[in-house]
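Residue numbers (our numbering), protein chains in the order written: chain E, 1 to 751; chain D, 752 to 1502.
Where a beta carbon is used, it is the ideal one built from N, C-alpha and C, also for glycine.
Let me begin by presenting the structure, written as structure tokens, before commenting on it.
Number of protein chains: 2
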Amino acid sequence: MQISFDRFNPREYARRETLFHVANGYLGVRGSFEEGVPEGVRSIRGAYINGFYDESPIHYEEQLHGFATTQQSMVNLPDVQGITLMLNGEDFTCFTGSMDSFSQQLDTRTGLYLREVTWTSPRGHKTRLTFRRLASFVMPQLFAVEVSAEALNWSGQVSITSTQSGDVRQDSDPQDPRKAAIGRKTLKVKAVSLLEGTSLMRLDTIASGLHLSSAVGHRLPSGFSQTVARHKDVVTWRFEGDVKAGQPFSLTKYCVFADSRRFDKPDVEAKRLLEQASGQPFSHWADLQEKALTQLMASAQAQITGDESLSRSLSYAMYSLLSSAGRDGVGNIASKGLSGEGYEGHYFWDTEIYMFPFFLLTNPEIARALLISRARMLPGAIDHAREMGHAAGALYAWRTITGPECSSYYPSGSAQYHINADIAHAFLSYWQVTGDLSFMADTGFQVLAETARLWLDAGHYQNGQFRIDSVTGPDEYTCIVNNNYYTNRAAQHHLRGLCHLAEALKKAGLYDQAARASALDEGELALFQRAADSMFLPYDEALGICAQDDSFLSKQRLDLGGIPRERFPLLMHYHPLFLYRHQVLKQADTVLAHFLFEDGEDEEVIRRSYHYYEAITTHDSSLSPCVYSMMAARIGEMDKALDYYRSVATLDLYDTHKNTADGIHAANMGGTWMGLTYGFAGLRIKADGLHFRPHLPDGWQKYSFRFRFRDNLVEAVVDEAGIRFTLLDGPGMTVMVDARERLITAPALKA
Amino acid sequence: MQISFDRFNPREYARRETLFHVANGYLGVRGSFEEGVPEGVRSIRGAYINGFYDESPIHYEEQLHGFATTQQSMVNLPDVQGITLMLNGEDFTCFTGSMDSFSQQLDTRTGLYLREVTWTSPRGHKTRLTFRRLASFVMPQLFAVEVSAEALNWSGQVSITSTQSGDVRQDSDPQDPRKAAIGRKTLKVKAVSLLEGTSLMRLDTIASGLHLSSAVGHRLPSGFSQTVARHKDVVTWRFEGDVKAGQPFSLTKYCVFADSRRFDKPDVEAKRLLEQASGQPFSHWADLQEKALTQLMASAQAQITGDESLSRSLSYAMYSLLSSAGRDGVGNIASKGLSGEGYEGHYFWDTEIYMFPFFLLTNPEIARALLISRARMLPGAIDHAREMGHAAGALYAWRTITGPECSSYYPSGSAQYHINADIAHAFLSYWQVTGDLSFMADTGFQVLAETARLWLDAGHYQNGQFRIDSVTGPDEYTCIVNNNYYTNRAAQHHLRGLCHLAEALKKAGLYDQAARASALDEGELALFQRAADSMFLPYDEALGICAQDDSFLSKQRLDLGGIPRERFPLLMHYHPLFLYRHQVLKQADTVLAHFLFEDGEDEEVIRRSYHYYEAITTHDSSLSPCVYSMMAARIGEMDKALDYYRSVATLDLYDTHKNTADGIHAANMGGTWMGLTYGFAGLRIKADGLHFRPHLPDGWQKYSFRFRFRDNLVEAVVDEAGIRFTLLDGPGMTVMVDARERLITAPALKA
């Protein structure tokens, strides 16, 4: 599938820098023009390593105890995108002369981004130029660019300048009050060595004590000369040669980054990897790229027949997820992936609730790496719990890179205790899908136990009910409440899941060691079970719906119809107290609980709750529509489900939130995949396996997707006849379709 | 009464700078040593004009809509305290040589601060030095210092240096994370003119666009020469002469400040006032000071017989209140008075609830000025309401100097909507005590109406009850709650009071104009009445107490006994969410409501509520113990009342909160006066006049206080025989004593 534009529009430049970023879960480079753009064209030129961050103190005018004190920000790496071409004495840019053709294209099958321009210079010289880029899925430290050009109606001298600049700053925008007016510097160049045509730049972060090596080398067009010079923090190569009309020439630039969070000796590693990379032509890495992507997609293919545009969005969503997710147990998934600095490159619950399912069901080894990255943050979560006044347990940070809380507005930050249960939900799902009990014993149990302890410390009993006060649920328009339904339900699932896991570990003889590692005894397990069984879940008798929290339904209902369109999103136009005072939702809350934890809840209560909350939900968060889409499908309202799904699938490609320039909405990419699988196909992971309630939206001929479960790889196809499964690999399995058992065996049986 | 210390203790230096500040409601100067102190001795040298401020932007890492954007800070004025003496070649300081005697003394009767030192220089020269200071109650722009000295065992040259420094900064403390590490500059010197021995310095604030003139002149010791020079922002005078042993000499320094918030031409005014001031010797101003203070105290005298220390505290409290309160309708009362920069010189509800009653009942013209200052902020309160999302009405800022909200942590800032009702309460009390209906028509009605409108916009009806959601009550350990009892009760009083006032204005023929000025019609009045009558007041049947809010009593009770002493105040050691999650109070909340609005509440409910909340109140706010003292007296628990009263009366004099260095606790000064009158004597202002329920604490022989009511000035004395009133002036009046009517006439009748 190709995402492409065949016209150049300077006003869309920054947005396309996001859409055409290349990334591989470790390294991401925004899709800027190599030669740059003139002042006045909004550009956020940047490159990032997942989890490579700098720190700065957080200032508060009134600082209270336990407020987050240190901001972590994903660092904008040295700029290695720079390549300018002087063609027969004229500088190539898309802003001078004229373009006979122009296209930007990302191929989700090959993993390459391509820019093709046929350019007529001011003096009338025509040149065809092609820029190809990749962030390698095979060598994650490698970003490579190939520039090919052909003089069409001239012969003459070509001078190519390529740069590696350590003089970079974080994104800034003097026009946007939410951003810094002047970008902060987060890197300091410590040394540059120029050796045999390559450059090795060593940098330190300003405050976080991390190190980075950036190595750059080239493959020259044949017959070109090369010079290299360093001036301050910028290394500049110049390649010069004569070309003839109709004789193509090309340059490949190899850029390797290695950081001290992954490598003991980033310098040595960067040098070694650059050598390895530049030993091969661009085509070699492009071939490997396609092979790697094909392999990843072998278990993830999904498509929609009957809506080409949605099918393309789906491809882009899956490709983006694969580009964003860390594989090394260090990097997780930033809320903008590796496509921009929005939200400082922080990890949120977005990973576990919106993106994790895609990996778990298609490439579970990536899901495992994401869980390991969370387990690595456990010490930070334990510290955070202490800062928040808890004598026991761990509280994961609402937003963080390495573990410490980086949210400076705790009512919709640290107060979102549900993140503990969200992470627990991911661990438990992983166990259900993979059956990997040994990982759960080694790693999962301790995370589940420490986070479970927090519920006991945060909650208390009253009249036999276990209550959790003063927390914030998913809906950020209602903060610091008592007994948020979602939170209590998620905590219940967490506590019960831990008790089930303990049973399973006991049966497998793995319990004692796991319990010892968590200093957990039977008495504590019994407390978990009791709290889960006594969990208070607010319910409104009169309305027959689950209440978002103790007080939500007694507040004044906000008449959304009475608010002018331009005052949305509400958080940009209303003080939080105004929002908190009203029945109004930023995003799915109780409805999300019904999505994740449907078992035991009455169908009519789910339906009534959906309608009640939908009417007062603004979807001002991009985390909302996909949930409403999936739950509309769940209650059989397919037109509504499809309407929501369209808005989900098109968010970034059509920039409907007007902020794609700052980076993709990675969770929404997960929502695009889940909207199909969990939404239309009604997929759910339960203790007894996978469940489906398939639906085919009007206008679609069919849709298909693949999933892995235990040792099986299965393709599911949904059409008017229903759902049918093809076992592509593995011993076969049983699933539940509309609550009836279905056997999937080889050779595939028609359903 | 004298507050005095006869030993010098460098560690108490900053605290005494506060205690010995001189102020008059317009101008305040901290009691620093004229000659300064060496580095290492903590000193906060400063001088302030009530309401003279600079601005700075408030930075938030995550800024939401409606957050306060601009900080206002009371400006540290040019330093005019500087006077150093070189005595026969040796610099006088309290840190060299030795002191044969030392005393610091504030006389609350004369309004003078005195420092007397008998100093032996390192070379053995003995000198007696006396420094006297005043901030004039007669010419509020004047601060005057007189230095007198006598060589005891030497004759020789004396050189006196006196400075006026425009190079000043705001308070800072690199050791205290709550303060800036480097003091911010808020003033810029624009011009200095030196003419005929006087200096006129013109300054502008950096950001707020205000102007200030500082004028300084001297009366020289006879026979001394004078030179003056300016270097950058500092003017330095040198006075030199020869003195003989046993022949005293003295210098008077006159310092006048005039600001552009009060004067169109501060320069002209400062010059004129300096001329007038320096035309008279120090003794002239000292005489006037005593006369003015005597007059103010004529209607405010109060004393305790049987506890000298408490009686002294009471005197200091009244004196401090008179020093702190603005009289000009511009300045209000900062929470630290004019004694320091703590809380940025902001005005809070402290004024109306804790300090206003003293002025209202003793010097109502000052009370009136305070109300005018609030009325002047009404436009800012209307703007603030809009920022907070309210379509109608005014919401007073929680902390401000001129009106805009300056609280950067809204959960215990702007969310304290009760400030509207607190201000309304002061206006209504003023009407009840003075009967000044014309002021209420001209000014009070509009304030009451605009602030009342906010309740209608903030609240809503459910099941016939008027409910107010998502506000914070007085207790800052429980924020953003629904139906805070205090808030709802105070709003009810506010709405009812406004309706009563409307009736009274109608009868007096003043209504139509007042209503027109507020664009208020009968329909709106009926809405106010209905909301008041439908006000929901949470009550717990099982406990038989008023509930602090909808959810407070369902939270976990914090076991205060289990928390180590060093973790108090809790806000310094626990995250707000921890505090919000528990039943724990920073300060009186429901108990304060019962203090202010007792009518209609059951006696047993008041008593039970007191005991319930007292057990979980930390008194981490200095606004709390005085309320618990008064309410202990109210329910007849006199020992407890006295214990609390002692802690109130001694707070600053004994620095029990360890922060007197930052300024006095002005509200607590009000609490000291109220503890006697409202507490032990059971004074209440009600619609039908003054009520008393007098008690005499154990160990006291008697206590007395004076009050004004309408045209009467009365002295009340409480002893074992009960309360008796002496009419000192006026036509006589009726009061209620223990719910029985008592006539006060002249000649005074024994009760």
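query                                                                                                                                                                                       : result
Cβ closer than 8 Å: which chain D residues qualify as neighbours of E/Y574?                                                                                                                 : H816, G817, G1140
With which residues is D/S852 paired in a DSSP beta bridge?                                                                                                                                 : D/T869
Return yes when the Cβ of E/Q587 is within less than 9 Å of the Cβ of E/S624, no when it is not.                                                                                            : yes
Got a sec? Which residues, its chain only, sit under 6 Å from D/E1492 by beta carbon, not counting five neighbours each side?                                                               : T1485
According to DSSP, simplified to helix, strand and coil, what is E/C499?                                                                                                                    : helix
Span of the alpha helix (DSSP H) holding D/Y1395?                                                                                                                                           : 1389-1400
I'd like the ranges of any alpha helix (DSSP H) spanning at least 4 consecutive residues and lying wholly in the segment 515-564 of chain E.                                                : 522-533
Would you call the segment 1043-1063 of chain D and the segment 1077-1089 of chain D touching, i.e. three or more CB-CB distances under 8 Å?                                                : no
Check whether the segment 30-48 of chain E touches the segment 357-376 of chain E, counting contact only when three or more Cβ pairs, one atom from each stretch, lie closer than 8 Å.      : no
In chain E, which residues lie with their C-beta within 8 Å of the C-beta of D/L1322?                                                                                                       : L64, H65
Check the Cβ-Cβ distances between D/Q1338 and every residue of chain E, and say whether any is below 9 Å.                                                                                   : no
D/K1409 versus chain E: which residues are under 7 Å apart at the beta carbon?                                                                                                              : Per Cβ cutoff of 7 Å: no residues; D/K1409 is ~17 Å from chain E at best.
Who are the near neighbours of E/L501 in its chain, counting only those whose CB is closer than 8 Å to its CB and skipping five residues on each side?                                      : L428, W431, M440, G444, F445, L448
When you compare the CB of D/R1332 with every CB in chain E, is at least one pair closer than 9 Å?                                                                                          : yes
Examine chain D for any beta-carbon lying closer than 9 Å to the beta-carbon of E/V75, and answer yes or no.                                                                                : no
Quick check on DSSP: helix, strand or coil for E/L152?                                                                                                                                      : coil
If we count Cβ pairs, one from each stretch, closer than 8 Å, do we get three or more for the segment 244-263 of chain E versus the segment 46-56 of chain E?                               : yes
Just to make sure I have the definition right: I need the residues of chain B whose C-beta is within less than 8 Å of the C-beta of D/Y1379. Which are they?                                : Protein chains E and D are contained in the structure displayed, whereas chain B is not.
Check D/H810 in the structure and name its three-state DSSP category.                                                                                                                       : coil
Have a look at the DSSP bridge pairing and note the partners of D/K1004.                                                                                                                    : D/V896, D/H969
Using Cβ-Cβ distances below 8 Å, what residues of the segment 343-358 of chain E are close to chain D?                                                                                      : none
Anything in chain D within Cβ reach of E/N482, meaning under 8 Å, just list it in chain order.                                                                                              : S1302, S1305, K1306
What is the rounded straight-line gap between the Cα of E/A490 and the Cα of E/T478?                                                                                                        : 18 Å
Identify, in the order they occur along the chain, each residue of the same chain with its Cβ nearer than 8 Å to the Cβ of E/Y461, setting aside the five sequence neighbours on each side. : R467, S534
Counting along the chain, where does the beta strand (DSSP E) carrying D/K939 start and finish?                                                                                             : 938-946
Could you tell me whether the Cβ of D/D1310 comes closer than 9 Å to any Cβ of chain E?                                                                                                     : no
Is the beta carbon of E/D171 sitting closer than 9 Å to the one on E/E341?                                                                                                                  : yes
Look at the Cβ atom of D/I1174, then the Cβ atom of D/T1202, and state whether they are nearer than 9 Å.                                                                                    : yes
Which residues in the same chain as E/R708 place their Cβ atom closer than 7 Å to its Cβ, once the five residues preceding and following it in sequence are excluded?                       : S299, L361, T362, P364
What's the gap between the Cα of D/F1303 and the Cα of E/I616?                                                                                                                              : 27 Å
In the DSSP output, which residue or residues are listed as bridge partners for E/F597?                                                                                                     : Per DSSP, none; premise fails for E/F597.
Give the DSSP-derived three-state secondary structure of D/G1210 in the structure shown.                                                                                                    : strand
Run through DSSP, which three-state label would E/L200 get?                                                                                                                                 : strand
So is D/G1164 in contact with chain E if we call contact Cβ pairs under 9 Å?                                                                                                                : yes
Between the beta-carbon of E/M638 and the beta-carbon of E/P697, is there less than 9 Å?                                                                                                    : yes
Identify the residues that DSSP records as bridge partners of D/H982: which are they?                                                                                                       : D/V985
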